[in-house]
Amino acid sequence: MVGNAKGWCNCNCLSIFKDNEIEAAAKRVEDMSIMSGDRTILEILKSPGLNPYKVVEMFNNFRPYVEVKHQNNVLYREPTPEEWAKVKQEKKINKDKKAEVKKMKMKCEKVES
């Protein structure tokens with residue numbers, strides 16, 4: 109296919125796509141001008157923070173190996189009781205699911221034998 113840098117064919121058989129691209133670019137410019145004029149459209153999002161599993165992992169597995177002067181960093185803080193409970197509960201659920209899958213596999217192997 110012979111064409112320009114954008115990949116458009118010289119015979120303009122893809123001109124409809126070129127027009128759509130130009131319209132989309134114009135729409136983006138229009139949207140940006142609307143948003144920059146009215147700052148109330150944008151809202152500041154609050155970070156959800158660290159995942160409870162990551163907090164427990166960082167505290168248990170990494171904090172012991174971090175220099176003492178950096179152990180007070182928020183990344184290595186001790187998990188809250190709620191975070192400990194959530195991680196413990198999820199681990200129990202995952203353990204039960206794995207046991208159930210293993211039990212079903214064993215049952216299937218007995219049937220096939």
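Numbering (this note's numbering), first residue to last: 109 to 221.
Even glycine gets a Cβ: it sits at the ideal position worked out from N, Cα and C.
DSSP, reduced to helix, strand and coil, places Gln197 within a helical segment of the structure shown. Put simply, the region 151 to 158 does not touch the region 167 to 180. Fewer than three CB pairs are less than 8 angstroms apart. 7 angstroms or more divides the Cβ of Phe167 from the Cβ of Glu191. In summary, Val164 is buried, with 16 or more beta-carbon neighbours lying within 10 Å of its beta-carbon over all protein chains present. By the C-beta density criterion, Val195 is buried, having at least 16 other C-beta atoms within 10 angstroms. Check the Cα spacing between Val182 and each of Ala193, Lys200, Glu198 and Leu158: the tightest is with Leu158.
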